[in-house]
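Input: a single structure, listed below in C-alpha cells.
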Amino acid sequence: MSTATVDNNHSAALDAAESTDAHLITVTLRVRRYNPEVSDQASWVDYKLEMDPKERVLDALHKIKWEIDGTLTFRRSCAHGICGSDAMRINGRNRLACKTLLKDINPEKPITVEPIKGLAVLKDLVVDMEPFFQAYRDVMPFLITKGNEPTRERLQSSEDRERFDDTTKCILCAACTSSCPVFWNDGQYFGPAAIVNAHRFIFDSRDEAAEQRLEILNDRDGVWRCRTTFNCTDACPRGIEVTKAIQEVKRALITRRF
Amino acid sequence: MPAGTLYRGREGMWSWVAHRVTGVLIFFFLFVHVLDTALVRVSPQDYDKVVATYKNPVVNLLEYGLVAAILFHALNGLRVIAVDFWSKGPKYQRQMLWSVVGIWIVLMAGAFYPVLQHSLRILFGS
Amino acid sequence: MSADTPVDAVELTSTSGASAFSPDNPAPVIEPPRARTKRTPRATRTNFELYGWLFMRLSGIVLVVLVLGHLLIQLVLDGGVSKIGFAFVAGRWANPFWQLWDLTMLWLAMLHGANGLRTVINDYAERDATRSWLKALLYTATAFTVLLGTLVIFTFDPNIQ
Amino acid sequence: MQIHKYDTVIVGAGGAGMRAAIEATKRSRTAVLTKLYPTRSHTGAAQGGMAAALANVEDDNWEWHTFDTIKGGDYLVDQDAAEILAKEAIDAVLDLEKMGLPFNRTPEGRIDQRRFGGHTRNHGEAAVRRSCYAADRTGHMILQTLYQNCVKEGVEFFNEFYVLDLLLTEVDGVKHTAGVVAYELATGEIHVFHAKAVIFASGGNGKFFKVTSNAHTLTGDGQAAAFRRGLPLEDMEFFQFHPTGIWRMGILLTEGARGEGGILRNKDGERFMEKYAPVMKDLASRDVVSRAIYTEIREGRGCGPEGDHVYLDLTHLPPEQLDAKLPDITEFARTYLGIEPYTDPVPIQPTAHYAMGGIPTNVQGEVLSDNTTVVPGLYAAGEVACVSVHGANRLGTNSLLDINVFGRRSGIAAAEYASTHDFVELPEDPEAQVIEMVESMRDATGNEKVTDIRKALQETMDTNAMVFRTEQTLKQAVEDIAELKRRFQRVSVQDKGKRYNTDLLEAIELGNLLDLAEVLAVSALARKESRGGHYREDFPNRDDVNFMRHTMAYREVGDDGTETIRLDYKPVVQTRYQPMERKY
Ligand SMILES: Cc1cc2nc3c(=O)[nH]c(=O)nc-3n(C[C@H](O)[C@H](O)[C@H](O)COP(=O)(O)OP(=O)(O)OC[C@H]3O[C@@H](n4cnc5c(N)ncnc54)[C@H](O)[C@@H]3O)c2cc1C
Ligand code: HEM
Ligand code: SF4
Ligand code: F3S
Ligand code: FES
C-alpha cells in the first residue's frame, strides 16, 4: 500500500488539528479559592481569559497563574496525563486538568474548577494527599513471593500477564477515590485506588500474598463498602475499569470463603 | 463555608442515590406497616378503621408512590446483583439501568389503574 | 470579582486589617468530616461484612418474589386496595402457605432493611457516639418489629372478640 | 528552621533516586527528599523500554550493546562506563522483574523485547530486539514498581521538599559533603539535612526549551545547586532532540512507534528517512532523524499550512497492534489533536528531550570536582548526572537503564561510604544562602515577571540552540541569556505567603534554568564541531583531533562579584572501540 497521497487524503479531523489560526474565544474560569493565610473562607473567583478552545484547562490555569494572579496554587508536572498531579473537579466532575480540553467541556458557560472532594484543602486546588497514600500503602502494594529467587526472570504467560493489565495503569491521581460518595462520607473507606492497586497484585500470577491483601480488604472499611456507584470508573483518566476490579476482588473474597 | 458544587455523577451515582432513598423509605414504611397490621391481633374494628384511611385518595396516591419506590428498588437491586455477579455486569451497568427505568415505567403505567382504581372510582365515580 | 481585580482581592500583604489571618497565623485547613489516620485499618478479622453483603443480595432475590407477589395480591388483583379489611386478612392467614409467606417476607425485609440502614448510618453519622446511638435505636426497633410481626402471624385469631 | 540528621540523603525520587533508595535504606539511615510525590516523577513518562541484551527473542550480547551505546554517543562515551552499563543491564532488568515489574511477555513467558533506534546486531548489521518493555508505559511501570518496593522497604520520604542548596565543608583543604538545604513547600520552612552522603537524582532540565517532552518541573535544580557550589557540569552542550514530539506540544510519541513499523513521511508522502539512513531508515539514531526532519522542513517539504512539521504514519499498522503495543500514545493523539491514528497520520516535530550532560561522576556515582578528584560523600545518578554513558547522543532505552544501573550503584556506594565515615561538621550558617535566595525573592518588588523571562528564554533556546546551531545563533543565545539574567535580578513574585508558594518556587526554578541555559550555550559555542546531538552548521563534521574530549564548565566568581563560566576539558575513556564514522 502506498500513502503517497497522504496530504490529499486529509480527514477533517487532521485538517482541524493542523489549522494554525487559533480561534480565540473568551472563557470564564470560576475557580474555588482558599488561602488560609488570608481568610478561613473559601470563595469563588471568576477569571475571564482569551483561550484557544483546543487548549487544556491546565493551560488556562497557567495563564491565570502566570499572567493574572501568581497566588493561584495547584499541582502539576507532566502536563499530559501520566503523573497524576492535577486531579481536580472541573464542571462538577473529577478530571485531570491537563487532559481536559476546553472545547470538550462547553467553554460557553463558566467552567468551575475546585479541589477534589473528601481530602483536606490546604490551599486553592491543593489537597492533603497523605490519607490517600496511607490507604494505598495499607494494602501492601508490592510483589510478595516465597522461596528462593530464580536466577532468571519469573515466567508468566501472556494470558496471566493480561489478567491484571488494566489495574497496572493506575497513576495514583486520586480522581477515583475522591469521586466516591462513600469516601466523601467519612474518609475511612480504603477507596477505589487502593483496591485497584491491591487488585494489581492479587491477580498477578507471580504473587503469593493475595490472602493477606484480601483479608485487609475484607474488613469494615474494605471492598464491602463499595456501593457500585461507578463514579470512580467514570472519573478514571486512565480508563481503568475500576468498579469491575473492585467486583473481582469481592468475588475473590467470596470464592475464597466457600 | 459555602460548599462546593454538587458532584456531577452519572447514571451509576444517581441510581445509587435513588436506591438508597427508596430503601430507607421502604424500611420506614415497613415499620409502620407491621405496627398497623398488628392491630388485627388487638381489634378488627380498629384495623378496619386504619385500613379505611388507606382507601383515602391521598393515601392511595402515596401507596402508588410506595409501589414506585419498591419497584425501582427491586429492579435496581437486581441490576446491582447483576453488576456484582456477572462478569460483564460493570460494562453494561448503564444499559441495565436504562432497562430498569424502562421496565419500571411500563410497570408503573400498568399499575396505575389497578392500584388507584379505588380512588378513581371515588373521585370520578364509575 | 472579575479578572481585573483578583490580585488585590487576594493580596497577602493587604494592610486593610480586614483579615485576622496572615502567613504566620494561617487559618485552619478545610478538613473533611473525618480523616483516615495511620491507625485506621483496625483489623477485625471476621467475615461479618462479607456475610452482610451476601445476605443483601440473596435476601434481595427472594424478596423480589415475596414483596412483588405481596403487592400484586394486595394492591392490584381483585379490586386493589378496596378489598382489604380484617376479613381479607383472616381469609389469607387461614392458609399456612400465606402465613409462611408473610413470615419469611417480614424477617427478610426487616433484616435486609436493617442491614441496609446500618450501612447508611455508618456512612453519614459523623461522631462515633452518634453512630452507636443510632444503631442501638435501629436494632431495638428492628427486633421489636420482627418479634411483634411474628407474634401476630402465629397467634392470629380470626375469631377475636 | 529545622535540622535533621541522616546517614544518606537522596535528592529526588524518580527512577534513579528510588533505585538508590532501595539499596541505601537497607544499609544506612536514609531520607529521600523530593519536590514531587515520588510517583509524579518524570520517569513515569518514559514509554519505549529499557535496553538489555537478554537475548530472549533473538541472538544478542552485552558487547554488541556496548558498541551500539558508544557508536550512538558518537564516540564521546566513556567506554569503561558503557561496558558496565551494558553488562549490568541484564541484572537490572531481571531485578525489576523480580521486584514485580509487569513486562510484556513472549509466548514462552519470558520478558518480551522489541527493536529500538540504534540498537543493532553484531556491530551494526541489522536492528536487534533489545528493548524490554511494558506496552508503551515502561517508565510508568518502572516508577510504580520502584515506589512499591520503597513502600516495602519502608523508605523514608520527605515529599514536596525542594532541595535548593548543597552543603560542602572543607576538611584538610578538601571539600567534603555535609548535607543539603531544603524548602518545605507546605509550610515554607527551611530544613537543613546534615548527612554523611548525598545522592543527587533530581532529573533533567529540558524546561528551558519551549517544545519539549519534559515536565514543567524538570528545571535542573540539582545541576544548578552543584554548579553554584563550584562543581563542574560536563557536556552540557549535548541535548537530545527526540524526533517525534506531538507538533507544537512536544508530548512524546515513543520511538517504539517506529519500532513497531511506524513511518515518517513528508508532505509528499515520501518516506524520507530512506535518503538519510538507508539501512536503519526510520530507526536511525535520534539526532540523525531529528536533523532529517528539520532538513525536510527547511527545504519546503514540511506538512501543514505552515509546513512546520512532518507526519508519523501508523495507518498501515493493524489497529489491534496499536492497541496492544502503543495504547497510550494513540490516546495522546486522540486527546490532544483529535486525530484517530488508525486512519490519520500524526503531525510531529522534534522535541527537546534529554540532557546527556550533567554533574560529572565516575562509575561508582561519585561526583568529581575536576577531571579526577572525587568529592567525598557526594554522588549523582540519573539524568542529573553525566557518567558519560551517553556521550554526545543517548540511545533510546538507555536512560531507563542508566537510572537503574547507576542508581543502584550510587545507592550502594553512598550507603557504604556513610557507614564507614563520620559526619563532617555543617558549615557555619548552613541555611544562609537559601534563606537569602527565598527571602530576597519574596520581598522583591521589581517589575519583571517570571513568565515573561521564561518565555523569552524558551524562545531564544528554541531558535538558537536547538537542532541546528551556528556560531551566530549561539552568540545570540548567550547574549539573550545574559540580558535575561539581568532582567531576572528585577523579578518579583505575587505570592508573598508561606504555604504552597509555588509562585516563589517557579521563580527559583527559572533562576536555575537561566544558569544552565547559559552553560549549554557557552559550551556549545566553544565546541566547533558536530557530534551527536550537537550539530554546528558552520562545522558540520566531527573533529576527533580537537574535540574528542568532554567539556567541563565551572562557575567562577571574580573579585568584583562578576560571574563567568570557565571551560575546561576532560579526556574520553577509550578501551576497545576506535572512533569510526557513524552511519546508519
Ligand atoms: C517523555 C519521555 C519519554 C522517555 N522515554 C524513555 C524511554 O523509553 N527509554 C529510556 O530509557 N528513557 C526514556 N526517557 C528518559 C528517561 O525517562 C529519563 O531520563 C529518566 O527517567 C530520568 O530519571 P531520573 O530518576 O533521573 O529523574 P526523574 O524521574 O525526572 O526524577 C527527578 C526527581 O527529582 C526530584 N527533584 C527535582 N528537583 C528537585 C529538588 N530541587 N529537590 C528535591 N527533589 C527534586 C523530583 O521530584 C523527582 O522525584 C524518556 C524521557 C521522557 C521525558
Ligand atoms: C424487593 C426486592 C429487593 C431487592 C431486590 C433489594 C435489593 C437490594 C440490594 C442488592 C441492596 C444492596 C445495594 C448495595 O449494596 O449497593 C439493597 C440495599 C438496601 N435495601 Fe433492598 N432490596 C429489596 C427490598 C428491600 C426492602 C423491602 C427494603 C426495606 C425494608 C429494602 C431496604 C434496603 C436498604 C435500606 C438498603 C441499603 C441501601 C444502601 O446502602 O445504599 N430493600 N437492596
Ligand atoms: S484508578 Fe484511575 S482514577 Fe484512580 S488513582 Fe488510579 S488512575 Fe487515578
Ligand atoms: S465510586 Fe465508590 S462506591 Fe464503589 S464503584 Fe466506585 S468505589
Ligand atoms: S500534570 Fe501530570 S497528570 Fe496532569
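Residue numbers (my numbering), protein chains in the order written: chain H, 1 to 258; chain D, 1 to 126; chain X, 1 to 161; chain F, 1 to 584. We put the CB at the ideal spot given by N, CA and C, even for glycine.
Is it the case that the CB of Thr119/X approaches a heavy atom of ligand 4 more closely than 7 Å? Reading the third sequence from its first residue, position 119 is the one you call residue 119/X. False, no ligand heavy atom lies under 7 Å from that Cβ.
Return yes when at least one heavy atom of ligand 5 lies under 7 Å from the C-beta of Leu125/H, else no. In the first sequence, residue 125/H corresponds to position 125, counting from 1. Not under cutoff, so the answer is no.
So which of Lys48/H, Ser39/H, Trp66/H has the shortest CA-CA distance to Leu505/F? In the fourth sequence, residue 505/F corresponds to position 505, counting from 1. Checking every option, the nearest Cα to that of Leu505/F belongs to Trp66/H.
Can you name the residues that DSSP bridges to Glu366/F? In the fourth sequence, residue 366/F corresponds to position 366, counting from 1. Bridge partners of Glu366/F: Tyr379/F.
Within 7 Å: the Cβ of Ser41/F and any heavy atom of ligand 5? As a position in the fourth sequence, residue 41/F is number 41, starting the count at 1. Outside the cutoff, so no.
Which residues in chain H have a C-beta closer than 7 Å to the C-beta of Tyr124/X? List them in chain order. As a working mapping, residue 124/X is identified with position 124 in the third sequence. Within 7 Å Cβ-Cβ: Asn185.
Please identify the residue among Met13/D, Arg10/D, Met108/D, Ser119/D whose C-alpha is closest to the C-alpha of Leu66/D. Position 66 of the second sequence holds residue 66/D. Nearest of Met13/D, Arg10/D, Met108/D, Ser119/D to Leu66/D, Cα basis: Met108/D.
For Pro158/X, the first and last residue of its enclosing beta strand (DSSP E): Position 158 of the third sequence, counting from 1, holds the residue named residue 158/X. No beta strand (DSSP E) holds Pro158/X; DSSP gives it neither H nor E.
Pairwise C-alpha distance: Pro579/F and Asp544/F: Taking the first residue of the fourth sequence as 1, we reach residue 544/F at position 544. Taking the first residue of the fourth sequence as 1, we reach residue 579/F at position 579. C-alpha separation (whole angstroms): 8 Å.
Check whether the Cβ of Val182/H lies closer than 8 Å to any Cβ atom in chain X. For this step, residue 182/H is matched to residue 182 along the first sequence. By this cut-off, Val182/H is an interface position.
Can you pull the chain H neighbours of Asn47/X, defined as C-beta to C-beta under 9 Å? Mapped onto the third sequence, residue 47/X falls at position 47. In chain order: Asn218, Leu253, Arg257.
So Pro57/D is in the alpha helix (DSSP H); what residue range does that whole segment cover? The residue labelled residue 57/D in the question sits at position 57 within the second sequence. 57-85 is the span of the alpha helix (DSSP H), which, as asked, contains Pro57/D.
Interface residues of the region 39-69 of chain D facing chain X [CB-CB below 7 Å]: Val40, Arg41, Pro44, Tyr47, Asp48, Val51, Tyr54, Lys55, Asn60, Glu63, Val67
So with Cβ pairs under 8 Å, would you call Ile81/D a contact of chain X? Reading the second sequence from its first residue, position 81 is the one you call residue 81/D. It does: the Cβ of Ile81/D has a partner Cβ on chain X nearer than 8 Å.
What span of residues does the alpha helix (DSSP H) with Arg566/F cover, start to end? The residue given as residue 566/F occupies position 566 in the fourth sequence. Run containing Arg566/F: none in the alpha helix (DSSP H); it sits in the beta strand (DSSP E), 563-571.
If you drop the 5 nearest sequence neighbours on each side, which residues of the same chain put their C-beta closer than 7 Å to that of Pro6/X? Taking the first residue of the third sequence as 1, we reach residue 6/X at position 6. At Pro6/X the pLDDT is 43, less than 50, meaning the model places this residue with poor confidence and gives no usable figure here.
Using a Cβ-Cβ distance cut-off of 8 Å, determine whether Ala9/X contacts chain D. Position 9 of the third sequence holds residue 9/X. The pLDDT assigned to Ala9/X is 42, lower than 50, so where the model puts this residue is not dependable; a value taken from the coordinates is nonetheless given after this. No, because no Cβ of chain D sits closer than 8 Å to the Cβ of Ala9/X.
Can you tell me the Cβ-Cβ gap for Glu237/F and Met552/F, rounded? I've got them flagged as a contact below 8 Å. Taking the first residue of the fourth sequence as 1, we reach residue 237/F at position 237. Taking the first residue of the fourth sequence as 1, we reach residue 552/F at position 552. The pair is not a contact, with the Cβ atoms about 12 Å apart (cut-off 8 Å).
Is there a Cβ of chain X sitting closer than 8 Å to that of Arg8/D, yes or no? On the second sequence, position 8 is the one that residue 8/D refers to. Arg8/D does not count as touching chain X.
Beta-carbon proximity list for Asn149/F, same chain, < 7 Å, skipping 5 on both sides: Numbered from 1 along the fourth sequence, position 149 holds the residue referred to as residue 149/F. Excluding residues within five positions, the ones whose Cβ falls inside 7 Å are Ile22, Met99.
Near-chain D residues of the region 85-99 of chain H (beta-carbon distance less than 9 Å), N- to C-terminal order: Arg89, Asn91, Gly92, Arg93, Asn94
For chain H, find out if any of its Cβ atoms is closer than 8 Å to the Cβ of Met108/D; answer yes or no. Within the second sequence, the letter at position 108 stands for residue 108/D. By this cut-off, Met108/D is not an interface position.
By Cβ distance below 7 Å, which residues in the same chain neighbour Pro327/F in space, the five residues on each side in sequence not counted? The residue you call residue 327/F lines up with position 327 of the fourth sequence. So the qualifying residues of the chain are Ala135, Asp136.
Are at least three pairs of beta-carbons, each pair with one atom in the region 65-72 of chain F and one in the region 118-135 of chain F, less than 8 Å apart? yes
Gly508/F and Ile190/F: beta carbons closer than 8 Å? By one-based count along the fourth sequence, residue 508/F stands at place 508. By one-based count along the fourth sequence, residue 190/F stands at place 190. The displayed chain sequence assigns Ile, not Gly, to residue 508/F. No, they are not a contact pair.
Classify Gln476/F as helix, strand or coil using the three-state DSSP reduction. Here the question's residue 476/F lines up with position 476 in the fourth sequence. Residue state, collapsed to three classes: helix.
Using C-beta distances below 7 Å, list every residue in its chain close to Val93/F, excluding the 5 sequence neighbours before and after it, in chain order. For the purposes of this step, residue 93/F is taken as the residue at position 93 of the fourth sequence. Met50, Ala52, Leu54, Ile111, Cys132.
Buried or exposed for Lys109/H, please, with buried defined as at least 16 other CB atoms from any protein chain shown within 10 angstroms of its CB. Counting from 1 along the first sequence, the entry for residue 109/H is found at position 109. Exposed, by the Cβ-count rule.
Report whether the distance from the Cβ of Leu36/F to the nearest heavy atom of ligand 5 is below 7 Å. Here residue 36/F is taken as the residue at index 36 of the fourth sequence, counted from 1. No, Cβ of Leu36/F sits at least 7 Å from all heavy atoms of ligand 5.
When the Cα of Ala198/H is compared with those of Cys173/H, Tyr47/H, Ala120/H, Ile216/H, which residue comes out closest? As a working mapping, residue 198/H is identified with position 198 in the first sequence. Nearest C-alpha to Ala198/H: Ile216/H.
Spatial neighbours of Leu520/F in its chain, beta-carbon cut-off 7 Å, leaving aside the 5 residues before and after: One-based indexing of the fourth sequence puts residue 520/F at position 520. Result list for Leu520/F: Met236, Glu237, Phe239, Ala465, in chain order.
Beta carbon proximity, Val62/X to chain D, threshold 8 Å: For the purposes of this step, residue 62/X is taken as the residue at position 62 of the third sequence. Judged by the 8 Å Cβ criterion, Val62/X is not in contact with chain D.
Could you pull out every unbroken beta strand (DSSP E) segment of at least 3 residues lying fully inside the region 97-167 of chain F, listed in chain order? 113-121, 126-132, 156-159
Specify which residues have a beta carbon nearer than 7 Å to any heavy atom of ligand 3, listing them in chain order. Gly84/H, Ala87/H, Lys169/H, Cys170/H, Ile171/H, Leu172/H, Cys173/H, Ala174/H, Ala175/H, Cys176/H, Thr177/H, Pro192/H, Ala193/H, Val196/H, Cys232/H, Ala235/H, Cys236/H, Pro237/H, Arg238/H, Ile240/H, Val242/H
Could you spell out where the beta strand (DSSP E) holding Ala553/F opens and where it closes? As a first step, residue 553/F is located in the fourth sequence; it is residue number 553 there, counting from the start. Element bounds for Ala553/F: 549-557.
Assign Ser399/F to one of two classes, buried (16 or more other C-beta atoms within 10 Å of its C-beta) or exposed (fewer than that). Here residue 399/F refers to the residue found at position 399 of the fourth sequence. Buried, because 16 or more other Cβ atoms sit within 10 Å of the Cβ of Ser399/F.
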